[in-house]
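For reference, the structure is listed below as structure tokens.
Protein chains: 2
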Amino acid sequence: MQRPQEAPSKHEAVYRTIRERILDGRYGPGTRLVLSAIARDLEVSPVPVREAIRRLEAENLVTFERNVGARVNTLDDEAWEQLVEMLAVLDGYATRRAQPLIPAAAIAEAQRLNDALRRCADGPADHDEVMRLHRAFHRTIYSHADNEYLVESLDRVWDRIDASRVLVSSWPARRLSSAVDEHDDILRNLRAGDLEPAELERCARQHNLNAIIAIQGRGRLG
Amino acid sequence: MQRPQEAPSKHEAVYRTIRERILDGRYGPGTRLVLSAIARDLEVSPVPVREAIRRLEAENLVTFERNVGARVNTLDDEAWEQLVEMLAVLDGYATRRAQPLIPAAAIAEAQRLNDALRRCADGPADHDEVMRLHRAFHRTIYSHADNEYLVESLDRVWDRIDASRVLVSSWPARRLSSAVDEHDDILRNLRAGDLEPAELERCARQHNLNAIIAIQGRGRLG
DNA sequence: ACGAGGATAATCGTATACGATTTCCGGGAT
DNA sequence: ATCCCGGAAATCGTATACGATTATCCTCGT
Chain A
1 MQRPQEAPSK HEAVYRTIRE RILDGRYGPG TRLVLSAIAR DLEVSPVPVR EAIRRLEAEN
61 LVTFERNVGA RVNTLDDEAW EQLVEMLAVL DGYATRRAQP LIPAAAIAEA QRLNDALRRC
121 ADGPADHDEV MRLHRAFHRT IYSHADNEYL VESLDRVWDR IDASRVLVSS WPARRLSSAV
181 DEHDDILRNL RAGDLEPAEL ERCARQHNLN AIIAIQGRGR LG
Chain B
1001 MQRPQEAPSK HEAVYRTIRE RILDGRYGPG TRLVLSAIAR DLEVSPVPVR EAIRRLEAEN
1061 LVTFERNVGA RVNTLDDEAW EQLVEMLAVL DGYATRRAQP LIPAAAIAEA QRLNDALRRC
1121 ADGPADHDEV MRLHRAFHRT IYSHADNEYL VESLDRVWDR IDASRVLVSS WPARRLSSAV
1181 DEHDDILRNL RAGDLEPAEL ERCARQHNLN AIIAIQGRGR LG
């Protein structure tokens, strides 16, 4: 049988809609998500909305308080730092594991993204674009690590960072151009393939940790 | 006002009950979770049960198929390997970060757990007990890493491994005694504190990767 | 005996209804 | 003017109801 439309269930549609709105900032951190209001807005009953929000809760994108309701999570400085530290560990390892597998075309694509990022550094500040390019750069690499669960975890961490809308917008001006240089470095090492795997991992990890250091000025991580 | 009982919501109670049953094996891998049956069993309506299962789905403990229902996830060999690889990366880093923070009492507790594990290795096989002790050993250490999100992620990975009921039961006989020795090694390094942090991390990571190598005999990880 | 087709049962998906809890706001006492 | 209290409005939590989809099994034709 030809599946007629493969209509997603309503709860799935609601889930995707809300999630998208959180990630792109329409529902910013702290926004209250009122079940009945969303249900009216999306023209469904409150039941599938509740299911959608439960899933978002389990992904740490929203917090649901009993008899009070859901709101989009806000990351304080400490939580943000911990999240990026986690990102550094996973991305570093994924980069290491991707090295022997990544095709030349993907490295070229990453180079293209980094070049676009460099042009951003010169031109006027466009945080959303920088965010998009930076995330895309890393994903182009780590997606070639042969571990689905690792890749998925990285995607989720990035989702939370996107939702918090904080990473790039609080970078000191010169952090971006340093980051671009570090990216070039990583690409060079990926291409050459003559570096110790452990050293490549250390290099990628440190690049991510630098994002914390740039903001906090503290050096306790490493 | 004194909160009378702080009764958890039904959906929360259902969530905890199902989760517990999955983790301790009463709902083994592949078990179908029928909404109405669970609702009858726990004496609630199907609505809170659906919410509970959505959360479990988002935690990767169950898979929910449209118009078909939920079943407890089964890990094939590849997924299991990827999960343990992830565990190795996170646990290794968490151990490194715990080293300067962990109190002597916690190290002593971990030693006690490892000694109990050694006694298991001599006596008759009791997989559940070995599993419990092994997980407790690692948690005693990594819980002192100063990164809540990292610790939570490790707990979740262990939950999935517990639910899959596969780690210890398929270890070759002598793997356990090697693991016990490696644990001693980690504790020694934690106490001494004279090892390079990076070296401690490598050591803890390798210990976890050895669990994969022991089962698969392949050496592609490292 | 075996496979195709259809009736029947089991189960899911969502809407609606309503009681329970919390939040908000205004009036009265100090 | 300020604080406390009570009631109304908003919102959540869960039960029930029922149509939609899928699975099961029996019957019939070959």
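So the protein lines, in turn, are chains A and B. Residue numbering for the first sequence follows my numbering, starting at 1 and increasing by one per position. Residue numbering for the second sequence follows my numbering, starting at 1001 and increasing by one per position. Built from N, CA and C at the ideal position, the CB exists for glycine as well. The model shown is predicted, which means the values in this text are computed figures rather than measured ones.
Helix, strand or coil at E65(A) [DSSP, three-state]:
Strand, per DSSP.
If you draw a straight line from the alpha carbon of G123(A) to that of W1158(B), how long is it in whole angstroms?
Roughly 47 Å between the two C-alpha positions.
Listing by chain order, which chain A residues have their CB less than 8 Å from the CB of Q1082(B)?
Scanning chain A for C-beta atoms nearer than 8 Å to the C-beta of Q1082(B) yields N147, E148, Y149 and L150, reported in chain order.
Give the single residue among T1031(B), S1153(B), R1097(B) and R1050(B) whose Cα lies nearest to the Cα of K1010(B).
Relative to the Cα of K1010(B), the nearest Cα in the group T1031(B), S1153(B), R1097(B) and R1050(B) belongs to R1050(B).
Quick check: the Cα distance between A79(A) and D1146(B), rounded to an integer number of angstroms?
Going from the Cα of A79(A) to the Cα of D1146(B) covers about 11 Å.
Looking at A94(A) and L150(A), is the spacing between their C-beta atoms short of 7 Å?
Pairing L150(A) with A94(A) gives a Cβ-Cβ distance under 7 Å.
Under 7 Å from the C-beta of A58(A): neighbouring residues of chain B:
What A58(A) touches in chain B: R1055, A1058 and E1059.
Near R96(A), which residues of its chain fall below 6 Å by C-beta distance, leaving aside the five closest residues on each side in sequence?
Result list for R96(A): P197, L200 and E201, in chain order.
Taking the C-alpha atoms as reference points, what is the distance between R1226(B) and I1053(B)?
This structure cannot settle anything about residue 1226(B), because the visible part of chain B is limited to 1001 through 1222.
State yes or no: is the C-beta of P1029(B) within less than 7 Å of the C-beta of T1074(B)?
Contact: yes.
I'd like to know if E85(A) contacts chain B, where contact means its C-beta is closer than 7 Å to some C-beta of that chain.
Yes, its Cβ sits closer than 7 Å to a Cβ of chain B.
My parser needs the alpha helix (DSSP H) runs of 4 or more residues fully inside the stretch 22-78 of chain A; what are they?
For the stretch 22-78 of chain A, the full-length alpha helix (DSSP H) segments reaching 4 residues or more read 35-42 and 46-58 along the chain.
Taking the C-alpha atoms as reference points, what is the distance between I18(A) and V44(A)?
C-alpha separation (whole angstroms): 13 Å.
S1009(B) versus chain A: which residues are under 8 Å apart at the beta carbon?
Per Cβ cutoff of 8 Å: R66.
Whose Cβ in chain A lies nearer than 7 Å to the Cβ of R1050(B)?
Per Cβ cutoff of 7 Å: E51.
Report the rounded CA-to-CA distance for A7(A) versus R21(A), giving the unit in angstroms.
The straight-line gap separating the alpha-carbon atoms of A7(A) and R21(A) is approximately 21 Å.
Return the Cβ separation of Y27(A) and V68(A) in integer angstroms, given the expectation that the two are a contact with Cβ distance under 8 Å.
With 8 Å as the limit, Y27(A) and V68(A) do not qualify as a contact, their Cβ atoms being about 17 Å apart.
Please give me, in chain order, every unbroken run of the alpha helix (DSSP H) with length at least 4 that falls completely inside the stretch 72-127 of chain A.
List check, alpha helix (DSSP H) in window: 77-98 and 104-122.
Under a Cβ-count criterion, where at least 16 other Cβ atoms within 10 Å of its own Cβ denotes burial, should Q216(A) be classed as buried or exposed?
By the Cβ neighbour-count rule, Q216(A) is exposed, with fewer than 16 other Cβ atoms within 10 Å of its own.
Can you check whether the C-beta of Y93(A) is within less than 7 Å of a C-beta belonging to chain B?
It does: the Cβ of Y93(A) has a partner Cβ on chain B nearer than 7 Å.
Given this structure, state the Cα-to-Cα distance separating N208(A) from V1089(B), to the nearest angstrom.
Rounded to whole angstroms, N208(A) to V1089(B) spans 16 Å at the Cα level.
For a test of the three-state rule: what should DSSP assign to N189(A), helix, strand or coil?
Under the three-state reduction of DSSP, N189(A) is assigned to helix.
Measure from the C-beta of V1166(B) to each C-beta in chain A and report whether the shortest distance is under 7 Å.
Any Cβ of chain A closer than 7 Å to the Cβ of V1166(B) would place that residue at the interface, and such an atom is absent.
Three-state secondary structure assigned by DSSP to E196(A):
Looking at E196(A) - three-state DSSP - the assignment turns out to be coil, as it is neither helix nor strand.
C-beta neighbour in chain A for V1072(B), strict 7 Å
Taking Cβ atoms only, chain A never reaches closer than 7 Å to V1072(B), which makes this a no.
Contact check, R165(A) vs G25(A) under 8 Å by CB: the rounded distance?
6 Å between Cβ atoms; contact.
List the whole-angstrom C-beta distance separating H1144(B) from A1098(B), where the pair is believed to meet the contact cut-off of C-beta under 8 Å.
Cβ atoms of H1144(B) and A1098(B) come within 8 Å of each other, at about 4 Å.
Is R1175(B) near the ligand GDP, in the sense that its beta carbon is under 6 Å from a heavy atom of that ligand?
Among the components of this structure there are no ligands whatsoever, and the ligand GDP is therefore not found.
Interface residues of chain A facing S1153(B) [CB-CB closer than 9 Å]:
The answer, in chain order, is M86 and S153.
What in chain B is Cβ-close to V44(A), meaning under 7 Å?
Under the 7 Å cutoff, chain B gives no residues; its nearest Cβ is about 15 Å from V44(A).
Limits of the alpha helix (DSSP H) - the one that A1163(B) falls within
Start and end: E1148 to S1164.
If the cut-off is 8 Å on Cβ atoms, which residues from the stretch 126-138 of chain A count as contacting chain B, listed in chain order?
Of all residues in the stretch 126-138 of chain A, none has a Cβ within less than 8 Å of some Cβ in chain B.
Just checking my contact of L23(A) with D162(A) at CB under 8 Å: how many whole Å lie between their CB atoms?
A Cβ-Cβ separation of about 5 Å places L23(A) in contact with D162(A) under the 8 Å criterion.
Alpha-carbon spacing of R1112(B) relative to V1180(B), whole angstroms:
One C-alpha to the other measures close to 12 Å.
Can you tell me the Cα-Cα spacing of N114(A) and Q82(A), whole angstroms?
Cα to Cα, N114(A) sits roughly 25 Å from Q82(A).
Selected residue, minimal CA-CA separation from A1148(B), among Y15(A), I213(A), M86(A) and D194(A):
It should be noted that the sequence gives Glu, not Ala, for residue 1148(B). Selected option, being the one with the closest Cα: M86(A).
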